[in-house]
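The next block holds one structure in the form of structure tokens; read it before the comments.
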Amino acid sequence: MPSPQSLRTTALIVGLIAFGAGIGAFTARYYPPAPAARIEGLMWPNPKQLGPFAAVDQDGRPFTLDRLLGKWSFLFFGYTHCPDVCPVTLSVLSQFERRLAEDKVDAPAQMVFVSVDPQRDTTVRVRDYVRYFSPGMIGVSGTEAEIQSLTSQIGIAILHYDPDPQGNYLVDHSASVFLIDTKGRLLLVFPAPQNAEAMLGRFRQALDFMKRADA
Amino acid sequence: MQKTWISASPPGVNSHAAYLEIHNQTGNAVSLLRVTSPRVARIEVHLSEVRDGVAGMRRQDAVAIPAGATVEFAPRGYHLMLFDAAPPLRIGESVPFSFEFSDGSVLNVQAVVERRDDPHAAHPQ
Numbered sequence: 001m002p003s004p005q006s007l008r009t010t011a012l013i014v015g016l017i018a019f020g021a022g023i024g025a026f027t028a029r030y031y032p033p034a035p036a037a038r039i040e041g042l043m044w045p046n047p048k049q050l051g052p053f054a055a056v057d058q059d060g061r062p063f064t065l066d067r068l069l070g071k072w073s074f075l076f077f078g079y080t081h082c083p084d085v086c087p088v089t090l091s092v093l094s095q096f097e098r099r100l101a102e103d104k105v106d107a108p109a110q111m112v113f114v115s116v117d118p119q120r121d122t123t124v125r126v127r128d129y130v131r132y133f134s135p136g137m138i139g140v141s142g143t144e145a146e147i148q149s150l151t152s153q154i155g156i157a158i159l160h161y162d163p164d165p166q167g168n169y170l171v172d173h174s175a176s177v178f179l180i181d182t183k184g185r186l187l188l189v190f191p192a193p194q195n196a197e198a199m200l201g202r203f204r205q206a207l208d209f210m211k212r213a214d215a
Numbered sequence: 001m002q003k004t005w006i007s008a009s010p011p012g013v014n015s016h017a018a019y020l021e022i023h024n025q026t027g028n029a030v031s032l033l034r035v036t037s038p039r040v041a042r043i044e045v046h047l048s049e050v051r052d053g054v055a056g057m058r059r060q061d062a063v064a065i066p067a068g069a070t071v072e073f074a075p076r077g078y079h080l081m082l083f084d085a086a087p088p089l090r091i092g093e094s095v096p097f098s099f100e101f102s103d104g105s106v107l108n109v110q111a112v113v114e115r116r117d118d119p120h121a122a123h124p125q
């Protein structure tokens with residue numbers, strides 16, 4: 001497997017993150033006092049506004065753009081057959097969710113796992129998976145087109161490998177956690193490896209910044 | 001070998017990651033070539049990597065362990081992939097493994113299936 005045979009590129013990462021970083025660098029250089037530049041991963045002042053998408057949540061209900069509005073949504077893209085990076089990241093999200101509650105952070109938040117493996121990850125499978133990590137976590141699945149209606153907007157990289165003789169296959173996927181703000185804008189990216197305390201600190205910074213920047 | 005553990009899997013998932021540390025206390029470099037267990041149909045060594053923000057796992061044919069060195073198998077790095085345990089592994093179960101090295105040595109080790117909510121407890125960063 002070191003030399004993956006025919007990689008099927010379902011979606012390629014776009015220059016979104018680099019673009020955001022570039023904006024940040026520009027801002028830092030020409031507007032030194034701008035606090036946005038000090039918040040790593042913040043996409044301000046050009047957060048991408050998400051448009052409509054249509055996927056399915058863990059209970060079979062539609063998961064659409066309006067489910068993100070009015071909440072701070074932390075999205076992670078992975079697949080249930082992923083034994084290492086995905087469980088680790090979802091454990092971090094679950095801890096982060098607990099820390100938000102403990103610290104009484106005054107911002108409605110939701111943790112969202114989005115499967116990038118529509119072939120194997122059924123709604124029920126995704127429901128059982130997210131329940132293992134947190135009772136409140138949302139688990140999103142759907143057809144390939146439905147998943148793409150969301151992943152293509154955020155610029156999620158997904159690479160499906162050919163199955164082995166046993167039918168197992170690996171999927172490469174973005175390792176970052178993406179924060180969508182209450183207006184449905186991609187505001188902040190938490191690159192891997194994440195940890196709950198650092199996420200909490202940066203989320204507080206972002207909340208504080210947005211109170212002033214986006215009043 | 002130290003710090004062996006197997007990560008419990010969410011419902012419906014019959015693959016597990018197993019973690020450990022291998023200390024090479026010999027004066028020679030060795031490679032880990034193969035891991036087997038009577039409880040698991042297939043075991044592969046994988047390395048998780050994040051490149052340009054994309055997480056991927058790569059199967060490793062061998063893992064080199066220099067003389068005197070320690071190689072850590074930990075979340076987000078090297079791990080053993082355990083496929084198709086029959087019957088499925090249970091939390092608390094102790095699973096026997098045989099590790100085969102390039103110098104012909106074989107080490108037999110037990111690892112317990114655990115659920116660790118805080119992966120950093122196992123892998124301080």
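So the protein sequences, as listed, match chains H and E. Numbered continuously in the working numbering, the first sequence closes out at residue 215. Numbered continuously in the working numbering, the second sequence closes out at residue 125. The beta-carbon is built from N, C-alpha and C at its ideal position, and this holds for glycine as well. Small disclaimer: the values here were computed from a predicted structure and weren't measured.
Output needed for residue 73 of chain E: all residues of its chain with C-beta closer than 6 Å, excluding positions within five of it in sequence on either side, in chain order.
Scanning its chain for C-beta atoms nearer than 6 Å, with the 5 sequence neighbours on each side dropped, one finds around residue 73 of chain E the residues 19, 20, 79, in chain order.
Leaving aside the five residues before and after residue 177 of chain E along the sequence, list all residues of the same chain whose C-beta is less than 7 Å from its C-beta, in chain order.
In the structure displayed, chain E extends from 1 to 125; residue 177 of chain E sits before or after that span and is not available.
Please go through the same chain and pick out, in chain order, the residues whose beta-carbon is closer than 7 Å to the beta-carbon of residue 123 of chain H, but skip the five residues on each side of it.
The beta carbon of residue 123 of chain H sits closer than 7 Å to the beta carbons of 56, 58, 60, 141 from its chain, once the five residues preceding and following it are set aside; these are given in chain order.
Since residue 220 of chain H sits in a beta bridge, which residues does DSSP pair it with?
With chain H covering 1 to 215 only, the question about residue 220 of chain H has no answer from this structure.
Does the beta carbon of residue 198 of chain H come closer than 8 Å to any beta carbon on chain E?
With 8 Å as the cut-off, residue 198 of chain H does not count as an interface residue toward chain E.
Nearest residue (CA-CA) to residue 216 of chain H, options E:4, E:85, E:108, E:12:
The requested residue 216 of chain H is not part of the displayed model; chain H covers only 1 to 215.
When you compare the CB of residue 123 of chain H with every CB in chain E, is at least one pair closer than 8 Å?
Under the 8 Å criterion on CB atoms, residue 123 of chain H is classed as non-interfacial with respect to chain E.
In terms of residues, what are the limits of the beta strand (DSSP E) holding residue 84 of chain E?
78-85 is the span of the beta strand (DSSP E), which, as asked, contains residue 84 of chain E.
Taking buried to mean at least 16 other C-beta atoms within 10 Å of its own C-beta, is residue 59 of chain E buried or exposed?
When all chains shown are included, residue 59 of chain E counts as exposed.
Residue 91 of chain E in three-state terms, based on DSSP
DSSP places residue 91 of chain E outside both helix and strand once states are collapsed to three, so it counts as coil.
Rounded separation between residue 197 of chain H and residue 105 of chain E - CA only
If you take the alpha carbons of residue 197 of chain H and residue 105 of chain E, they lie about 43 Å apart.
Sequence-distant residues of its chain with Cβ nearer than 8 Å to residue 91 of chain H (five each side left out)
Excluding residues up to 5 positions away in sequence, 133 lie with their Cβ nearer than 8 Å to the Cβ of residue 91 of chain H in the same chain.
Does the stretch 181-188 of chain H come within contact of the stretch 109-127 of chain H, defined as at least 3 CB pairs closer than 8 Å?
The stretch 181-188 of chain H vs the stretch 109-127 of chain H: no contact.
Along chain E, which residues have their Cβ under 7 Å away from the Cβ of residue 46 of chain H?
Per Cβ cutoff of 7 Å: no residues; residue 46 of chain H is ~18 Å from chain E at best.
Over what stretch of residues does the alpha helix (DSSP H) that includes residue 68 of chain E continue unbroken?
Here residue 68 of chain E belongs to no alpha helix (DSSP H), and DSSP marks it neither H nor E.
Which listed residue (H:96, H:161, H:179) has its alpha carbon closest to that of residue 136 of chain H
The shortest C-alpha separation from residue 136 of chain H is found at H:96.
Which stretch, first to last residue, makes up the alpha helix (DSSP H) that contains residue 97 of chain H?
From DSSP, the alpha helix (DSSP H) with residue 97 of chain H extends over 85-102.
Taking the straight line between their C-alpha atoms, what separation do you get for residue 103 of chain H and residue 41 of chain E?
Distance from the CA atom of residue 103 of chain H to the CA atom of residue 41 of chain E, rounded to whole angstroms, is 45 Å.
Chain E contact residues for residue 172 of chain H, given Cβ-Cβ distances below 7 Å:
Chain E residues near residue 172 of chain H: 54, 55, 56.
Rounded straight-line distance, which links the Cα of residue 75 of chain H to that of residue 67 of chain E:
Distance from the CA atom of residue 67 of chain E to the CA atom of residue 75 of chain H, rounded to whole angstroms, is 43 Å.
In the DSSP assignment, find the unbroken beta strand (DSSP E) run with residue 177 of chain H in it and report its ends.
177-180 is the span of the beta strand (DSSP E), which, as asked, contains residue 177 of chain H.
Taking any Cβ of chain H, which residues in the stretch 10-38 of chain E have a Cβ under 7 Å from it, in chain order?
Residues 10, 11, 12, 13, 15, 16, 17.
Residue span of the alpha helix (DSSP H) that contains residue 149 of chain H, given as start and end
144-154 is the span of the alpha helix (DSSP H), which, as asked, contains residue 149 of chain H.
Contacts of residue 83 of chain E in chain H (Cβ-Cβ under 8 Å)
Under the 8 Å cutoff, chain H gives 166, 168.
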